[in-house]
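Residue numbers (the numbering used here): 453 to 840.
What follows is a single structure, written as structure tokens, with notes after it.
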Ligand code: ADP
Ligand code: MG
């Protein structure tokens, strides 16, 4: 039996019907493109959130998480769920139940126990892992049919509308739709998915994640300001969203924008879309090494134009590159969280050490540095006592 099933049993006094797992993610390239209806290229992490669950027939949702602790539990009648009604971590799984039911899916009550090794708040998307694992558990427990892209959309709706975080679709789509050994090329407007080969070990490469373990307080407000600026840019250019500005037309588009702040946001989003296109082409051609400089260019654009980096992320990227990385960038929404670095297998240890040393020398908290491979998206990992 795994930890989630054990936690469930000691909490509720009986065995769960099953355990479902959903991973966190890192985005290789395509930052802030999803909130402009554009393209992203995440991989699923080996790190997962697991949900052990059993259906209830009384319309009640009981929630417990190992990470939140036994003092922070919830017992919620589904009929009373509404945006704003639930606070704290329970809003994520409760919001999923609400969004599934709002979409007309026959989802009823459940006992739920959550346990995770996705670091929370590290920009690796523990929130989407929690939502997607819960969504998969509830739909399978209640026999509700929902394909993976639709599941991701409903999980996003839970986070946007029920929890109140205006995130794009990338995190939920990565957690729901990734496959091992591949990056997920996702067109967030059309929900078109393509699995792009991403087996770095076969090329003698590694992907390092540097979790800076900082999260600067201005993140939420800055996020809303960037989104509003992108929308203003799209309006000024007469397009539905910035993904509709072709890269070839970027200079002309920038020339037509009076507001320098908006101009910078537009330059990031449109150039980042082009970087996604180029990295996808390189991976598909079996040339992952050549993607390195595009990662670093993406970081410069996020730092200088989109202005969502921070000293710790800039340091991680600069030192990784100086220590021999092929390229590096912040990943996720920024203002802390994680960076990634593409490195030769033989340079991985030296790059990790150099980043750790530089953080110590700068007086920053010690970062967590680890290598990741592209893992699988959400799945059922156990059928409970009868079938496991
Ligand atoms: P990220 O998604 O980058 O990890 P977020 O701020 O979007 O950061 O989501 C983190 C929040 O998600 C936590 O504060 C908590 O409310 C919730 N969460 C994630 N994982 C768990 C878990 N295992 N148990 C309880 N809550 C969790
Ligand atoms: Mg999140």
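Just so it is clear, CB atoms sit at the ideal spot from N, CA and C, and this is done for glycine as well.
Does any heavy atom of the ligand ZN sit closer than 7 Å to the C-beta of residue i?
i	result
residue 568	With respect to small molecules bound, the structure shown includes the ligand ADP and the ligand MG and not the ligand ZN.
Mapping DSSP to helix, strand and coil, what is residue i?
i	result
residue 647	strand
residue 532	helix
residue 709	coil
residue 454	coil
residue 758	coil
residue 470	strand
residue 687	helix
residue 660	strand
residue 513	strand
residue 559	coil
residue 715	helix
residue 491	strand
residue 480	coil
residue 835	coil
residue 637	strand
residue 519	coil
residue 679	helix
residue 667	strand
residue 540	coil
residue 830	coil
residue 674	helix
residue 825	coil
residue 572	coil
residue 429	No information on residue 429 is available, as it lies outside the stretch 453 to 840 that the chain covers here.
residue 464	helix
residue 720	helix
residue 632	coil
residue 655	helix
residue 459	helix
Are the CB atoms of residue j and residue i within a distance shorter than 8 Å?
i	j	result
residue 786	residue 754	yes
residue 527	residue 518	no
residue 479	residue 492	yes
residue 468	residue 505	yes
residue 484	residue 720	yes
residue 819	residue 768	yes
residue 660	residue 792	yes
residue 826	residue 630	yes
residue 502	residue 592	no
residue 535	residue 613	yes
residue 732	residue 637	yes
residue 512	residue 561	yes
residue 547	residue 489	no
residue 789	residue 572	no
residue 771	residue 807	yes
residue 722	residue 746	no
residue 757	residue 496	no
residue 717	residue 682	yes
residue 603	residue 476	no
residue 569	residue 500	yes
residue 666	residue 624	no
residue 482	residue 803	no
Buried or exposed: which applies to residue i, given that a residue is buried once 16 or more other Cβ atoms fall within 10 Å of its Cβ?
i	result
residue 608	buried
residue 838	At residue 838 the pLDDT is 48, less than 50, meaning the model places this residue with poor confidence and gives no usable figure here.
residue 739	exposed
residue 471	buried
residue 580	buried
residue 634	buried
residue 523	exposed
residue 529	exposed
residue 540	exposed
residue 798	exposed
residue 558	exposed
residue 640	buried
residue 762	buried
residue 750	buried
residue 462	exposed
residue 563	buried
residue 521	exposed
residue 466	exposed
residue 588	buried
residue 774	exposed
Sort out for me which residues DSSP pairs residue i with in a bridge.
i	result
residue 500	475
residue 693	Residue 693 is not bridged to any residue.
residue 564	505, 515
residue 700	DSSP output for residue 700 lists no bridge partner at all.
3 or more residues per run - each beta strand (DSSP E) lying fully within the region 731-819 | Secondary structure in the region 731-819: the beta strand (DSSP E) runs of 3 residues or longer, each lying completely within the stretch, are 779-783, 788-796 in chain order.
Minimum length 4: unbroken alpha helix (DSSP H) runs contained in the region 578-630 = DSSP runs (the alpha helix (DSSP H)) wholly in the region 578-630: 578-593, 600-609, 622-629.
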